[in-house]
Amino acid sequence: MLQVVWFKRDLRLEDHAALCAAAIRDRILPLVIVEPDYWQQPDVSARQWNFWRGCIADLGDAIAAKGGQLCIRIGDAVETLAAIKAAHGNFVLRAHEETGNAWTFERDKAVRRWCKAEGIAFEESRQFGVWRGRRVNRDRWAQAWDRMMAMPAQPAPPLLMWERCESDPLADAAALGLADDGLQVAPISGRAEALATLHSFLHERGEHYTREMSSPVSGESACSRLSWHLAYGSLSIREAYQAAQAHYRELPLSEKAWRQSLRSFIARLHWHCHFIQKLESEPEAEYRPMARLYEGLRPRSADTVKLEAWSEGRTGYPFIDAAMRYLNATGWINFRMRAMLMSFASYDLSLPWQESGTALARKFIDYEPGIHWPQCQMQAGETGINTIRIYSPVKQGYDQDPAGVFIRCWVPELANVPDAWLHEPWKLAADERAQLCPDYPERIVDHAAAAKAAKDAIYALRRKPEARAEAKAVVQKHGSRKRTTDRKRAGAKADQLKLAF
DNA sequence: AGTGCAGTTGACTTT
DNA sequence: TAAAGTCAACTGCAC
64 MLQVVWFKRD LRLEDHAALC AAAIRDRILP LVIVEPDYWQ QPDVSARQWN
114 FWRGCIADLG DAIAAKGGQL CIRIGDAVET LAAIKAAHGN FVLRAHEETG
164 NAWTFERDKA VRRWCKAEGI AFEESRQFGV WRGRRVNRDR WAQAWDRMMA
214 MPAQPAPPLL MWERCESDPL ADAAALGLAD DGLQVAPISG RAEALATLHS
264 FLHERGEHYT REMSSPVSGE SACSRLSWHL AYGSLSIREA YQAAQAHYRE
314 LPLSEKAWRQ SLRSFIARLH WHCHFIQKLE SEPEAEYRPM ARLYEGLRPR
364 SADTVKLEAW SEGRTGYPFI DAAMRYLNAT GWINFRMRAM LMSFASYDLS
414 LPWQESGTAL ARKFIDYEPG IHWPQCQMQA GETGINTIRI YSPVKQGYDQ
464 DPAGVFIRCW VPELANVPDA WLHEPWKLAA DERAQLCPDY PERIVDHAAA
514 AKAAKDAIYA LRRKPEARAE AKAVVQKHGS RKRTTDRKRA GAKADQLKLA
564 F
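Oh and the first sequence: position 62 is 125 in the numbering used here, straight run, nothing missing.
Here is the structure:
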């Protein structure tokens with residue numbers, strides 16, 4: 064029977080379980096559905112579509128090179144599948160499991176209902192170390208992840224029989240109603256770029272990963288930069304994992320920096336799935352804090368003046384504004400800066416993470432809902448089980464950009480401010496300030512006071528007995544079980560479980 | 001040369 | 001993936 068392989072966020076022919084399963088059975092109709100409804104959602108943007116679109120075009124080329132033709136359809140998923148059934152007859156539908164936002168979750172449920180009603184088999188394969196459903200046992204999760212990542216990555220099936228199918232031209236952003244979002248540098252998408260990025264990270268850029276990833280200056284090159292390729296699947300997590308593992312094993316023991324970097328990178332691939340698993344197990348986490356007690360902590364709807372000032376990089380804190388403007392211009396920023404921006408929105412500005420998180424999601428080209436929403440909650444301190452991490456914008460600035468090059472690059476209003484005041488222009492005398500940086504905004508909040516108030520509010524909540532009980536339940540459901548490796552404590556605490564989130 | 005002391009550093013705890 | 005506070009050990013210096 065005809066095999067329809069529905070490509071979603073897995074736009075590659077290699078290590079593609081659904082494609083492999085189809086290839087050993089019958090003719091393949093490779094399908095991408097561009098869903099206009101999805102592109103109306105508040106968490107998506109033109110920059111994401113443009114990257115995605117490039118991946119689709121690249122996959123189309125790869126299929127054409129093998130003698131086939133990628134079928135691109137614009138429309139509702141169920142209607143599209145119904146039209147394909149009408150034109151091509153019955154089929155088996157194959158795809159990868161997806162842990163997306165609430166919209167794609169509902170869409171998948173609708174597709175499953177339709178398949179059931181039509182007597183069509185809908186077979187989903189696993190592509191991440193993420194297991195379906197709410198009742199996933201976290202106790203053996205890490206071992207299962209290791210096994211999943213160690214399984215051989217299948218090459219693109221060599222001999223394929225293709226079904227041809229009527230196809231729509233690839234829409235541009237405007238046709239999907241997506242306005243320009245200020246992206247200044249569009250990254251290159253597609254398989255070749257993903258592989259080249261992986262290679263340059265593992266062999267050239269990554270040597271001082273652990274030391275250099277935290278600064279937005281060095282992080283631009285020292286981070287793997289694979290996030291958007293992994294998000295749209297032009298490279299699989301398993302391919303990245305196995306390449307890193309293989310390279311690690313080849314490295315002589317004397318290559319200390321490289322070895323540490325690769326261990327750290329591999330740990331982060333693990334975290335990728337660890338976070339997606341949270342949203343998979345609790346889809347409500349897109350809207351509600353895992354610890355429900357925190358629901359009243361912040362105003363339900365954002366102060367729009369503050370939200371816009373933050374979102375546009377006009378808070379009056381140079382390092383915050385530089386980071387936000389960099390993100391707005393490039394669609395990417397390193398992890399530490401993401402955490403800092405979320406911390407500032409949540410603790411300094413009391414913005415609900417649902418709204419600040421939506422604004423951030425749109426900015427990230429690599430938006431991966433399963434990572435994004437649990438991260439937003441965690442950085443906003445609403446999981447109930449993590450240490451509250453309130454970032455000091457000034458301390459982070461001195462730590463990560465001591466020379467001020469990043470601030471000067473992204474906040475040109477401060478060009479005339481001497482280094483000594485660059486991180487804290489409010490300390491300039493009023494007349495000097497008026498002369499040196501008249502166009503740079505005043506601070507919209509006092510960090511010290513706001514941080515103190517936020518801390519007090521959260522700890523007041525946390526001390527309640529109900530909060531303790533709830534935290535225990537959250538750890539049981541979502542917490543990672545990681546054995547302590549601290550040698551100093553190996554004797555006394557060897558069996559103690561370290562609970563990290 | 002040894003002592004007292006202010007200031008610094010690092011490990012660890014608390015919020 | 002934080003920051004501030006505490007405490008003990010250490011350092012440099014004056015006497």
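Backbone N, C-alpha and C fix where the C-beta goes; we use that ideal spot for every residue, glycine too.
Alpha carbon to alpha carbon, how far is Glu229 from Lys341? Glu229 and Lys341: Cα-Cα distance of roughly 39 Å.
N- and C-terminal bounds of the alpha helix (DSSP H) containing Gln206: First-last of the alpha helix (DSSP H) with Gln206: Trp204 to Ala213.
Beta carbon of Ala443, beta carbon of Met387: below 8 Å? In this structure, Ala443 sits away from Met387, with a CB-CB distance that is not shorter than 8 Å.
Residue range of the beta strand (DSSP E) that includes Cys134: It spans Cys134 to Ile137 - the beta strand (DSSP E) in which Cys134 sits, taken as one unbroken run.
Ser543 to Ile521, Cα distance in whole Å? Near 23 Å, if we compare the C-alpha coordinates of Ile521 and Ser543.
Assuming contact is defined by CB atoms lying nearer than 8 Å, are Ser344 and Arg254 in contact in what I supplied? Cβ atoms of Ser344 and Arg254: not closer than 8 Å.
Could you give the residue range of the alpha helix (DSSP H) that holds Glu418? Looking at the DSSP string, the run of the alpha helix (DSSP H) that includes Glu418 is Trp416 to Lys426.
Quick check on Val97: does DSSP put it in helix, strand or coil? For Val97, the secondary structure class from DSSP, reduced to helix, strand or coil, is strand.
Meets three-Cβ-pair contact criterion under 8 Å: the stretch 133-147 and the stretch 259-268: Cβ pair count under 8 Å is below three, so no.
Cβ atoms of Leu370 and Ala422: under 8 Å apart, would you say? Yes.
I'd like to check one pair, Val68 with Leu82: are the Cβ atoms closer than 8 Å? Cβ distance < 8 Å, so Leu82 and Val68 count as in contact.
Give the DSSP bridge partners of Trp69, in chain order. Trp69 is bridged to Leu94.
Determine the DSSP secondary structure at Val474, reduced to helix, strand or coil. DSSP places Val474 in coil when its eight states are reduced to three.
Local conformation of Val107 per DSSP, three classes: The answer is coil: DSSP assigns Val107 none of H, G, I, E or B.
Integer-rounded CB distance, given that Glu533 should sit under 8 Å from Leu356: The C-beta separation of Leu356 from Glu533 comes to about 6 Å, placing the pair in contact by the 8 Å criterion.
Per-residue DSSP class, three states only, for Leu241: Taken through DSSP and simplified to helix, strand or coil, Leu241 comes out as coil.
Less than 8 Å between the C-beta atoms of Gly192 and Met212, yes or no? Taking 8 Å as the cut-off, the Cβ atoms of Gly192 and Met212 count as close.
Would you list the residues sitting across from Val155 in a DSSP beta bridge? DSSP lists Gln66 as partners of Val155.
Looking only at its own chain, which residues have a Cβ that is under 6 Å from the Cβ of Asp650, when we skip the five neighbours before and after it? The question about residue 650 has no answer here: the residues shown for the chain are numbered 64 through 564.
Under the assumption that Pro475 contacts Ile396 (Cβ atoms under 8 Å), give the Cβ distance between them as a whole number of angstroms. Between Pro475 and Ile396 the beta-carbon gap is near 18 Å, outside 8 Å, which marks them as no contact.
Apart from the five residues on each side of it in sequence, which residues of its chain come closer than 8 Å, Cβ to Cβ, to Pro504? So the qualifying residues of the chain are Ala372, Arg377, Thr378 and Gly379.
Ser277 by DSSP, collapsed to three states: which one? Ser277: coil per DSSP, three-state reduction.
DSSP on Phe191, reduced to helix/strand/coil? Coil.
What is the DSSP secondary structure of Trp166, reduced to helix, strand or coil? Secondary structure at Trp166: helix, using DSSP grouped into helix, strand and coil.
Pick helix, strand or coil for Trp225, following the three-state DSSP scheme. It is a strand residue.
Alpha helix (DSSP H) containing Arg482: first to last residue? Correcting the residue type first, residue 482 is Asp in the shown sequence and not Arg. Start and end: Asp482 to Leu485.
Note the first and the last residue of the continuous alpha helix (DSSP H) segment covering Met403. For Met403, the enclosing alpha helix (DSSP H) starts and ends at Phe398 to Ser406.
Own chain residues within Cβ distance below 8 Å of Ile300, not counting five before or after: Correct list, in chain order: Gln190, Phe191, Gly192, Met212, Leu293, Leu332, His335 and Cys336.
Length-filtered (4 minimum) alpha helix (DSSP H) runs lying within the stretch 426-454: Runs of alpha helix (DSSP H) with 4 or more residues, each lying fully within the stretch 426-454, are found at 432-442, listed in chain order.
Ala320 and Glu375 - do their beta-carbons sit closer together than 8 Å? With a cutoff of 8 Å on beta-carbon distance, Glu375 and Ala320 are scored as not near each other.
Whole-number beta carbon distance between Gly163 and Pro432, since they are thought to touch under 8 Å: Confirmed, Cβ separation roughly 5 Å.
In whole angstroms, give me the CA-to-CA distance for Asp78 and Ser188. C-alpha of Asp78 to C-alpha of Ser188: approximately 11 Å in a straight line.
What is the rounded straight-line gap between the Cα of Ala348 and the Cα of Leu316? Here the C-alpha atom of Ala348 lies approximately 43 Å from the C-alpha atom of Leu316.
Assign Asp519 to one of two classes, buried (16 or more other C-beta atoms within 10 Å of its C-beta) or exposed (fewer than that). Burial call: exposed.
Give me the Cα-Cα distance between Glu418 and Ala158, rounded to the nearest whole angstrom. For Glu418 and Ala158, the distance between alpha carbons rounds to 31 Å.
So, for Asn479: in the same chain, excluding its five sequence neighbours on each side, which residues have a beta-carbon less than 6 Å away from its beta-carbon? Around Asn479: Leu499.
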